[in-house]
Amino acid sequence: MKIIISNASPDPIYEQIVRQVKSQIINGELEEGAALPSIRKLAQELQISVITTKRAYDELEREGFIDTVGGKGTFVAVQNKELLREKKMKLVEEKLAAAVAEARLLGIGHKALREMMRLLYEEEE
Amino acid sequence: MDNILEVSGLRKRYKGFALKDVSFAVPRGTIMGLIGPNGAGKTTVVKLIMNLIRRQAGRVEVFGLDNLRHEPEVKSRIGFVYDTPCFPPDISLLRIKSALAPFYPAWNENLFRRLLEEFELPAKKKFKALSHGMKMKFALALALAHEAELVLMDEPTAGLDPVFRQELLGKLSGLIQDERKSVLFSSHITTDLEKIADHITFIHEGAVVFSSAKDEILESWGLVKAGSRDIEVSDIPGLKGYRTGAFGLEALTSDVAAARRRLGPKAVYDRASLEDIMYFISKGNGHA
Numbered sequence: 708m709k710i711i712i713s714n715a716s717p718d719p720i721y722e723q724i725v726r727q728v729k730s731q732i733i734n735g736e737l738e739e740g741a742a743l744p745s746i747r748k749l750a751q752e753l754q755i756s757v758i759t760t761k762r763a764y765d766e767l768e769r770e771g772f773i774d775t776v777g778g779k780g781t782f783v784a785v786q787n788k789e790l791l792r793e794k795k796m797k798l799v800e801e802k803l804a805a806a807v808a809e810a811r812l813l814g815i816g817h818k819a820l821r822e823m824m825r826l827l828y829e830e831e832e
Numbered sequence: 327m328d329n330i331l332e333v334s335g336l337r338k339r340y341k342g343f344a345l346k347d348v349s350f351a352v353p354r355g356t357i358m359g360l361i362g363p364n365g366a367g368k369t370t371v372v373k374l375i376m377n378l379i380r381r382q383a384g385r386v387e388v389f390g391l392d393n394l395r396h397e398p399e400v401k402s403r404i405g406f407v408y409d410t411p412c413f414p415p416d417i418s419l420l421r422i423k424s425a426l427a428p429f430y431p432a433w434n435e436n437l438f439r440r441l442l443e444e445f446e447l448p449a450k451k452k453f454k455a456l457s458h459g460m461k462m463k464f465a466l467a468l469a470l471a472h473e474a475e476l477v478l479m480d481e482p483t484a485g486l487d488p489v490f491r492q493e494l495l496g497k498l499s500g501l502i503q504d505e506r507k508s509v510l511f512s513s514h515i516t517t518d519l520e521k522i523a524d525h526i527t528f529i530h531e532g533a534v535v536f537s538s539a540k541d542e543i544l545e546s547w548g549l550v551k552a553g554s555r556d557i558e559v560s561d562i563p564g565l566k567g568y569r570t571g572a573f574g575l576e577a578l579t580s581d582v583a584a585a586r587r588r589l590g591p592k593a594v595y596d597r598a599s600l601e602d603i604m605y606f607i608s609k610g611n612g613h614a
């Protein structure tokens, strides 16, 4: 698990943790069943309040990303495959949207962009 | 979460200073920062908890026990670090330790030895030969080695260099890895607390201004900045203090979201640090 806290970010620290853990679960860096550090350990490592780390874990748990097993610790939840796929689709969509926005700025048209994508696909195969 | 320390209605009057009904509680497994400008009453509160001075009214319960009726037991479970540690100057650290250890039933000699090494303390040197930072480290090693459940520190970081301040903060967050333990530390160096504290109690002129979770304070409070003619100070919701200068107005509010709703683009909204909060509450009510 990798977490980087920025004090310059306008987002509260707990949100930064939630976002980073979530994206690592969605992109598979954190696998199902992987153990997360305890809220106290994480607070110590990041030099932040245990209330902040607890809030982040509560939020992740509420959204179904992690499970806390009493006495054992906190783990990446076994994901509903459909849900995970949906989340990943959303990620793809976001990245495409960013690419489209960038293309617009450069005046690259719909057709040229599609052509680019086709080439990229073929490269992979 | 149960509380390791409960202070309620504490009063103490000196000439020209009074502590007015100070109440707050420290939950187990957390770090609380007691902040306030010099002379606000932080040290008086700490001394009352340790029963070093007589209270005039109020109660102090530590581990659920009254701090006067159960004084020996309460004190043996508190690790107290004063801003200027006071031990006999001509005696070596090891001998000071040997004199003190028998008072603590939970004394952990192995832990003490480990801490001496970790803090690079010269065990055979006389206390007076130590620098201020070293004296603080020694006092902290003694406090930690008797397995204190509550570590109580008065201005521990004042006069320490940044390297050791970081080390100390690390030690404190290490301490509460054990969720039965807690730390209460007073400081006017708010950046130390901004990092690791879970709760903040702010005292000003002998009274508690607020005592809440640090995140809550830092999220709801904020600074409102605007040209002096763009907004009226009295229009700012939750106003706690302000200053005006040649180029504009800067104000502290306890509800920056409400301020944003009411004033919209007429002002700029910023996060308030604990230092901003301390400054505006104690000073901010007029011109810069």
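Note that the protein sequences, when read in sequence, are chains F and C.
According to the working numbering, the first sequence holds residues 708 to 832 in order.
According to the working numbering, the second sequence holds residues 327 to 614 in order.
Glycine residues also receive a C-beta, built at the ideal position from the N, C-alpha and C atoms.
Bear in mind that the values here come from a model prediction, so they are computed numbers and not experimental data.
Tell me residue i's beta-bridge partners as DSSP assigns them.
i         : result
ARG586(C) : DSSP, once it has assigned bridges, lists no residue as partnering ARG586(C).
ARG339(C) : ALA344(C)
ILE404(C) : LEU476(C)
SER334(C) : ARG385(C)
GLY740(F) : GLY740(F) is not bridged to any residue.
ALA432(C) : Paired residue(s): none; ALA432(C) is not in a bridge.
LEU498(C) : None, per the DSSP bridge assignment.
ASN329(C) : PRO353(C)
ALA577(C) : VAL550(C), TYR568(C)
TYR595(C) : VAL550(C)
MET358(C) : LEU510(C), HIS525(C)
Verify the CB distance criterion: does residue i have a CB-CB separation below 8 Å to chain F?
i         : result
SER457(C) : no
ASP602(C) : no
GLU545(C) : yes
ALA539(C) : yes
ASP524(C) : yes
ARG337(C) : no
TYR595(C) : no
Quick check: does the Cβ of residue i come within less than 7 Å of any heavy atom belonging to the ligand MG?
i         : result
GLY571(C) : Among the components modelled here there is no ligand, and therefore nothing to report on the ligand MG.
Between residue i and chain C, is the shortest Cβ-Cβ distance under 8 Å, so that the two count as touching?
i         : result
VAL757(F) : yes
LYS748(F) : yes
PRO744(F) : no
Assuming residue i and residue j are in contact, meaning their beta carbons sit under 8 Å apart, how far apart are those beta carbons, in whole angstroms?
i         : j         : result
PHE413(C) : PHE453(C) : 5 Å
ILE732(F) : PHE782(F) : About 11 Å; that fails the 8 Å criterion.
LEU470(C) : LEU441(C) : 6 Å
HIS514(C) : ASN364(C) : 6 Å
THR527(C) : MET376(C) : Actually they are not in contact, since the Cβ atoms of THR527(C) and MET376(C) sit about 17 Å apart, beyond 8 Å.
LYS551(C) : ALA593(C) : 6 Å
GLN727(F) : LYS521(C) : So it is not a contact: roughly 19 Å between Cβ atoms.
ILE529(C) : LEU331(C) : Their Cβ separation, rounded to whole angstroms, is 15 Å, which puts ILE529(C) and LEU331(C) out of contact at 8 Å.
Whole angstroms are fine: how far does the CA of residue j sit from the CA of residue i?
i         : j         : result
SER554(C) : PRO563(C) : 16 Å
ASP765(F) : ALA344(C) : 42 Å
SER334(C) : VAL509(C) : 18 Å
ALA808(F) : MET796(F) : 18 Å
GLU481(C) : LEU803(F) : 54 Å
PRO488(C) : LYS748(F) : 23 Å
GLY397(C) : GLY532(C) : Reading off the sequence, residue 397(C) comes out as Glu, not Gly. Those two C-alpha atoms are separated by around 25 Å.
SER756(F) : ALA715(F) : 17 Å
ALA539(C) : GLU443(C) : 35 Å
ALA614(C) : GLY816(F) : Bear in mind that the predicted position of ALA614(C) carries a pLDDT of just 43, short of 50, making it too unreliable to give a figure here.
VAL400(C) : ARG597(C) : 40 Å
GLY778(F) : ILE746(F) : 13 Å
ILE557(C) : PRO591(C) : 11 Å
PRO719(F) : SER546(C) : 11 Å
ILE711(F) : PHE464(C) : 34 Å
ALA763(F) : ILE724(F) : 6 Å
ILE379(C) : ALA584(C) : 43 Å
GLY740(F) : ALA784(F) : 6 Å
ASN393(C) : ARG403(C) : 11 Å
ALA484(C) : LEU478(C) : 15 Å
PRO448(C) : ILE417(C) : 12 Å
Legend entry - chain C contacts from the region 751-785 of chain F (Cβ-Cβ distance under 8 Å): GLN751, GLN754, ILE755, SER756, VAL757, ILE758, THR759, ARG762
Legend entry - chain F contacts made by the region 504-522 of chain C, where a contact means CB separation under 8 Å: GLU505, LYS521, ILE522
Legend entry - the region 442-466 of chain C: positions lying closer than 9 Å to chain F by Cβ: none
Legend entry - Near-chain F residues of the region 351-379 of chain C (beta-carbon distance less than 9 Å), N- to C-terminal order: GLY355, THR356, ILE357
Inset, instruction - Could you name the residues of the region 486-503 of chain C whose beta carbon sits closer than 8 Å to any beta carbon of chain F, in the order they occur along the chain? - result: LEU495, GLY496, SER499, GLY500, ILE502, GLN503
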